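**Student:** 7 is the number of the first residue of the sequence shown in my numbering; add one for each residue after it. Please read through the structure below; I'll follow up with questions.
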Amino acid sequence: SQVFDHLKGSAPGHARQLDELFSHVQPNFQLDRESEQIAFTIPSTKTIVLGNKTSCRLHAHAYAAGIFLNAQSTPGYLEMPPEERGRLYAPADSLLTWAVGRDLQQEVRQPSGQVLDLDDIMKGAGPELPCGLLQDLSERQRILGDGLFRRAVAFIILHELAHIDLKHRECEGDPSFRQENE
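This is the structure:
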């Protein structure tokens, strides 16, 4: 129900089509607190699994994008000296260091199986989002970031719903690429 409400809130003009899609597909949703994938589908049970860890990193990226958008909409932005523009972007530094460091850790782990310490990858990319970081965001930065995050998650969920609706099965190579394009 929360997922459906999220989708309707992200695309209110398509509520009827979303009703039809949910009625037709009848998906199940599961939260995975350990997975490093943002989302994947278990076709046999029509289950879309949402990865909590990766969603948190996506949210940090979205907040950073909100900071960038907010900075660029600041009156007089184009006339500002570079160091003043840098101060507008500064709140994104810690968010991106944390999120990108965690992303890189997973990229290294996948092919090699090697787990690198986050501080060996990027100084400041600790295991948890730094305390108080989100409290330092302005209301506008937070609103922009939350909006970007909601739309990104809506796209991902709709993508996974399409796999169920199109009756895709787990595969590799060219068939997998074809399914993704469908």
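Note that CB positions come from ideal geometry on N, CA and C, so glycine has one too. Bear in mind the structure is a predicted one, so any value in this text is a computation, not a measurement.
At which residue ranges does the segment 71-106 contain complete alpha helix (DSSP H) runs of 4 or more residues, listed in the order of the chain?
**Tutor:** Counting whole runs of 4 or more residues, the segment 71-106 contains the alpha helix (DSSP H) stretches 88-95.
**Student:** For E42, which of S29, C62, G57 has the nearest alpha-carbon?
**Tutor:** Position 36 of the sequence shown, counting from 1, holds the residue named residue 42. Among S29, C62, G57, the Cα nearest to that of E42 is on G57.
**Student:** Just to check my reading of the structure: H67 and A105 have Cβ atoms closer than 8 Å, yes? What is that Cβ distance to the nearest angstrom?
**Tutor:** To locate residue 67, count along the sequence shown from 1; it is residue 61. To locate residue 105, count along the sequence shown from 1; it is residue 99. Sure, about 5 Å apart at Cβ, within 8 Å.
**Student:** Along the alpha helix (DSSP H) that carries I162, what are the first and last residues, could you check?
**Tutor:** Reading the sequence shown from its first residue, position 156 is the one you call residue 162. 145-171 is the extent of the alpha helix (DSSP H) around I162.
**Student:** Measure the beta-carbon distance from Y69 to Q147 and round it to whole angstroms, keeping in mind my assumption that it falls under 8 Å.
**Tutor:** The sequence position of residue 69 within the sequence shown is 63, counting from 1. The sequence position of residue 147 within the sequence shown is 141, counting from 1. Going by Cβ atoms, the distance from Y69 to Q147 rounds to 7 Å, so yes, they are a contact pair.
**Student:** Whole angstroms is fine: what's the gap from S61's alpha carbon to L110's?
**Tutor:** Residue 61 sits at position 55 when you count from the first residue of the sequence shown. Residue 110 sits at position 104 when you count from the first residue of the sequence shown. Whole-angstrom Cα-Cα distance: 15 Å.
**Student:** By how many angstroms is the C-alpha of T53 removed from the C-alpha of Q32?
**Tutor:** Within the sequence shown, numbered from 1, the residue matching residue 32 stands at position 26. Within the sequence shown, numbered from 1, the residue matching residue 53 stands at position 47. Using only the alpha carbons, I get a separation of about 9 Å.
**Student:** Could you have a look at G19 and say whether DSSP puts it in helix, strand or coil?
**Tutor:** As a first step, residue 19 is located in the sequence shown; it is residue number 13 there, counting from the start. It is helical.
**Student:** Report yes or no: do the segment 161-170 and the segment 69-86 share at least 3 C-beta pairs separated by less than 8 Å?
**Tutor:** No, they do not touch.
**Student:** Nearest to I162 by CA position, among R184, T47, D38, is which residue?
**Tutor:** Here residue 162 is taken as the residue at index 156 of the sequence shown, counted from 1. Per the Cα distances, T47.
**Student:** From what residue to what residue does the beta strand (DSSP E) around S36 run?
**Tutor:** Sequence index remark: in the sequence shown, residue 36 carries index 30 (1-based). The sequence given here has Gln at residue 36, not Ser. Q36 -> beta strand (DSSP E) spans 34-38.
**Student:** Assuming A158 and L64 form a contact by the criterion Cβ under 8 Å, report the distance between their Cβ atoms to the nearest whole angstrom.
**Tutor:** Start at 1 with the first residue of the sequence shown, and residue 158 comes out as number 152. Start at 1 with the first residue of the sequence shown, and residue 64 comes out as number 58. Right, their Cβ atoms sit about 6 Å apart.
**Student:** Taking the straight line between their C-alpha atoms, what separation do you get for L24 and M86?
**Tutor:** The residue labelled residue 24 in the question sits at position 18 within the sequence shown. The residue labelled residue 86 in the question sits at position 80 within the sequence shown. When rounded, the distance between both Cα atoms is 45 Å.
**Student:** What does a CB cutoff of less than 7 Å around A98 pick up in its chain, not counting 5 residues either side in sequence?
**Tutor:** Taking the first residue of the sequence shown as 1, we reach residue 98 at position 92. Excluding residues within five positions, the ones whose Cβ falls inside 7 Å are A70, I73, F74.
**Student:** Any idea if I44 is buried or exposed, counting beta-carbon neighbours within 10 angstroms, 16 or more meaning buried?
**Tutor:** Along the sequence shown, one-based indexing puts residue 44 at 38. Under this definition I44 is a buried residue.
**Student:** Taking Cβ positions, are Q36 and V9 nearer each other than 8 Å?
**Tutor:** As a working note, residue 36 is residue 30 in the sequence shown. As a working note, residue 9 is residue 3 in the sequence shown. Contact: no.
**Student:** Can you tell which of K173, D180, L150, P181 has its C-alpha closest to the C-alpha of T51?
**Tutor:** For the purposes of this step, residue 51 is identified with residue 45 of the sequence shown, where counting begins at 1. Ranking the options by Cα distance to T51, first place goes to K173.
**Student:** Short of 8 Å in beta carbon distance, which residues of its chain neighbour L13, apart from the five on each side in sequence? Order them along the chain.
**Tutor:** Within the sequence shown, numbered from 1, the residue matching residue 13 stands at position 7. If we look at L13 and ignore the five residues flanking it on each side, its Cβ neighbours are L24, A160, I163, L164.
**Student:** In chain order, what residues of the same chain have a beta carbon less than 8 Å from the beta carbon of I149, not counting five sequence neighbours either side?
**Tutor:** As a working note, residue 149 is residue 143 in the sequence shown. Hits under 8 Å: G72.
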